[in-house]
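Every letter in the sequence shown is one number past the one before it in UniProt numbering, and letter 83, counting from 1, is 83. Remarks on the structure that follows.
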Amino acid sequence: MMKKTGFRSFLLTVLVVLSIVLSYFIWKGQPDYEAINVKEVEKTTIDKTMTTSQVFKPYKLAVNANEINYQSLDSDLLNELMAQGKAFSFSEVVLANKKSNEEYEKLIHKNGTIEIIFPNNIPFSIFAQNFQVEGEGLESAFFNRIVFDINNTDTGLHSVYFANDDQENIYQSSLQNKDIDKIEKIVKKNESKLAQNDKVISNKRNLFLSSEKTKLNRKKYITDSLEINLFTSALFQDSGTVKSEGNTYTDGSSVIEMDTENKVLEYVNPSQERTNPEDLNNVKRAGLIQDSFNFVNDHAGWTGDGAYYFTGYAAESATTNFSLFIDNLQVYNEDGMADISVTEGLEAVYKYMRPFFRLDTDVPGEKKEVTMESSYSVYNALVENPNVKAEEIEDIVPGYHMTRSESSGMNRIVTLEPTWLYKYHDKWFIFQPEAEKAGE
1 MMKKTGFRSF LLTVLVVLSI VLSYFIWKGQ PDYEAINVKE VEKTTIDKTM
51 TTSQVFKPYK LAVNANEINY QSLDSDLLNE LMAQGKAFSF SEVVLANKKS
101 NEEYEKLIHK NGTIEIIFPN NIPFSIFAQN FQVEGEGLES AFFNRIVFDI
151 NNTDTGLHSV YFANDDQENI YQSSLQNKDI DKIEKIVKKN ESKLAQNDKV
201 ISNKRNLFLS SEKTKLNRKK YITDSLEINL FTSALFQDSG TVKSEGNTYT
251 DGSSVIEMDT ENKVLEYVNP SQERTNPEDL NNVKRAGLIQ DSFNFVNDHA
301 GWTGDGAYYF TGYAAESATT NFSLFIDNLQ VYNEDGMADI SVTEGLEAVY
351 KYMRPFFRLD TDVPGEKKEV TMESSYSVYN ALVENPNVKA EEIEDIVPGY
401 HMTRSESSGM NRIVTLEPTW LYKYHDKWFI FQPEAEKAGE
């Protein structure tokens with residue numbers, strides 16, 4: 001018995017010593033954390049971030065009163081209405097019965113209604129981040145028009161329609177009298193900003209046009225170029241491995257190509273290319289639009305004077321487009337100088353195109369008033385083009401055509417020339433009189 005006790009004591013002593021030795025070697029094998037130079041990862045900031053309510057915003061107000069259509073593109077008026085609407089409590093939003101084209105047009109432009117119109121279809125899931133709306137199936141729903149029925153009612157409730165011009169879907173809700181009164185008061189005090197339309201074109205989408213000429217100021221801006229290292233830091237996982245050759249930058253897997261003439265860059269990550277993006281359902285599309293907005297926000301990629309509005313999602317490529325707006329008027333450029341587009345891939349961004357400059361300051365002495373032909377004249381010219389189907393023209397609005405200076409030493413100057421833009425098949429195009437006459 002004594003021998004067994006002695007053996008156990010000896011074995012226990014050996015185990016304790018062994019444990020101490022192993023602990024010592026483990027401790028010695030630990031890296032010297034204080035000797036490691038840990039580089040703190042900082043978020044790249046290019047310019048500024050935006051909220052969804054600043055980017056997914058309307059560009060036009062329409063009022064249907066006394067059988068006449070009035071419209072306004074005034075940003076202050078629209079901003080006031082949208083700010084007021086954030087306090088409204090909409091009743092549950094429900095999908096109404098499918099309307100025929102004729103029924104749809106009559107409802108959204110009914111006499112005694114106020115319309116808030118967006119440049120293109122926006123997801124309810126994004127709208128609901130700022131407004132009190134809820135309802136079954138809204139995660140897959142889109143709309144581009146909010147219609148408030150301000151006609152007298154005995155119930156104390158007024159119908160509100162969220163309309164999708166593309167699909168001719170109408171989602172119905174309601175607001176109390178007190179909320180509709182606030183909308184009416186805002187519109188009434190801004191009556192001077194409403195312009196009457198005297199021409200109505202009954203296409204697939206009714207067009208309310210004017211025979212009056214429009215005046216708009218031509219503007220010039222000095223641009224400020226953004227350093228390429230801001231984008232390599234923001235877009236490449238390890239900017240320390242980036243190699244450059246000419247105007248091409250790569251980390252071995254992704255590439256940035258710079259168009260130095262127009263100051264536009266294109267980022268491509270080939271491994272993220274998605275096949276058949278048109279097969280994605282509406283829930284996924286809404287999510288990709290949100291992802292694209294988040295992507296630009298993550299590196300504070302909204303740049304310069306003016307603002308970028310969401311102007312559309314291309315289902316065939318899963319591309320979300322944001323366009324530059326100045327004074328609530330869209331800016332158009334053929335070379336991508338006024339657009340930020342994000343193409344979502346399998347798990348990350350596949351392609352990213354954008355300008356690498358910002359509008360710094362306008363040149364006050366260069367402003368000049370330009371008299372433009374009427375929107376009705378523009379429509380008549382468009383329908384003469386054999387490549388344009390009249391019934392597919394969805395809207396005609398004034399905007400700006402951005403051009404860069406060709407003069408030596410003046411490459412920092414861009415001109416915003418007043419022009420007409422038209423919406424056709426859910427996309428925005430510039431009206432070019434000579435091209436339309438030639439049928440190009």
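Glycine included, every Cβ here is placed at the ideal spot set by N, Cα and C. Since the structure is predicted, the reported quantities are computational estimates derived from the model, not experimental observations.
Simplified DSSP assignment, three categories, for residue 356: Here residue 356 corresponds to residue number 356 of the sequence shown, with the count starting at 1. Coil at residue 356, not helix or strand.
Whole-number beta carbon distance between residue 342 and residue 352, since they are thought to touch under 8 Å: Within the sequence shown, the letter at position 352 stands for residue 352. Within the sequence shown, the letter at position 342 stands for residue 342. Sure, about 6 Å apart at Cβ, within 8 Å.
Among 297, 405, 263, the one whose alpha carbon lies nearest that of residue 247: As a working mapping, residue 247 is identified with position 247 in the sequence shown. Comparing Cα positions, the closest option is 263.
Contiguous alpha helix (DSSP H) assignments of at least 4 residues, all confined to the region 77-109: 101-108
DSSP state of residue 365 mapped onto helix, strand, coil: In the sequence shown, the residue the question calls residue 365 occupies position 365. DSSP places residue 365 in helix when its eight states are reduced to three.
Spatial distance of residue 279 from residue 392 (CA atoms): To locate residue 279, count along the sequence shown from 1; it is residue 279. To locate residue 392, count along the sequence shown from 1; it is residue 392. Their Cα atoms are separated by approximately 24 Å.
Burial state of residue 433 (16 or more Cβ within 10 Å): If you number the sequence shown from 1, residue 433 lands on position 433. So residue 433 counts as exposed.
Beta-carbon gap between residue 151 and residue 112 smaller than 8 Å: On the sequence shown, position 151 is the one that residue 151 refers to. On the sequence shown, position 112 is the one that residue 112 refers to. In contact: residue 151 and residue 112 (Cβ atoms closer than 8 Å).
Cβ-based neighbour list, residue 104, same chain, cut-off 6 Å, excluding 5 preceding and 5 following: In the sequence shown, residue 104 corresponds to position 104, counting from 1. Contacts found: 168.
Whole-angstrom distance between residue 176 and residue 421, CA atom to CA atom: For the purposes of this step, residue 421 is taken as the residue at position 421 of the sequence shown. For the purposes of this step, residue 176 is taken as the residue at position 176 of the sequence shown. Between residue 421 and residue 176, the C-alpha separation is close to 37 Å.
Alpha-carbon spacing of residue 312 relative to residue 55, whole angstroms: The residue you call residue 312 lines up with position 312 of the sequence shown. The residue you call residue 55 lines up with position 55 of the sequence shown. The straight-line gap from Cα to Cα measures roughly 12 Å.
From 419, 46, 423, residue whose alpha carbon lies closest to that of residue 232: Within the sequence shown, numbered from 1, the residue matching residue 232 stands at position 232. Residue 232 has its Cα closest to that of 46, out of 419, 46, 423.
Contained alpha helix (DSSP H) runs [length at least 4] in the region 160-198, N- to C-terminal order: 177-189
Supposed contact pair residue 309 and residue 57 - C-beta distance, whole angstroms, cut 8 Å: The count along the sequence shown starts at 1 and reaches residue 57 at position 57. The count along the sequence shown starts at 1 and reaches residue 309 at position 309. Residue 57 to residue 309, Cβ: 6 Å. Contact.
Local conformation of residue 327 per DSSP, three classes: In the sequence shown, the residue the question calls residue 327 occupies position 327. DSSP places residue 327 in coil when its eight states are reduced to three.
Residue 418 vs residue 218 beta-carbon contact at 8 Å: Here the question's residue 418 lines up with position 418 in the sequence shown. Here the question's residue 218 lines up with position 218 in the sequence shown. Yes, these two residues count as a Cβ contact at 8 Å.
Same chain, Cβ closer than 6 Å to residue 186, neighbours up to 5 away in sequence not counted: As a first step, residue 186 is located in the sequence shown; it is residue number 186 there, counting from the start. Within the same chain, residue 186 has close Cβ partners 80, 81.
Residue from 386, 346, 325 with nearest C-alpha to residue 339: The sequence position of residue 339 within the sequence shown is 339, counting from 1. It is 325 whose Cα lies nearest to the Cα of residue 339.
Collapsed DSSP secondary structure at residue 52 in the structure displayed: The residue given as residue 52 occupies position 52 in the sequence shown. Residue state, collapsed to three classes: helix.
Alpha-carbon spacing of residue 200 relative to residue 375, whole angstroms: Working through the sequence shown from its first residue, we reach residue 200 at position 200. Working through the sequence shown from its first residue, we reach residue 375 at position 375. Each residue's Cα considered, the two are about 11 Å apart.
Of the listed residues 72, 53, 301, nearest to residue 194 (C-alpha basis): For this step, residue 194 is matched to residue 194 along the sequence shown. The residue with the shortest Cα to Cα distance from residue 194 is 72.
Which listed residue (202, 139, 355) has its alpha carbon closest to that of residue 441: Beyond the ends of the chain as shown, which are 1 and 440, falls residue 441; an answer cannot be given.
Outcome for residue 135 when other beta-carbon atoms lying within 10 angstroms are tallied against a minimum of 16: In the sequence shown, the residue the question calls residue 135 occupies position 135. Looking at its Cβ environment, which holds 16 or more other Cβ atoms inside 10 Å, residue 135 is buried.
Nearest residue (CA-CA) to residue 303, options 181, 133, 281, 323: The count along the sequence shown starts at 1 and reaches residue 303 at position 303. Closest by alpha carbon: 323.
Beta-ladder partner(s) of residue 71, from DSSP: For the purposes of this step, residue 71 is identified with residue 71 of the sequence shown, where counting begins at 1. Residue 71 is bridged to 62, 195.
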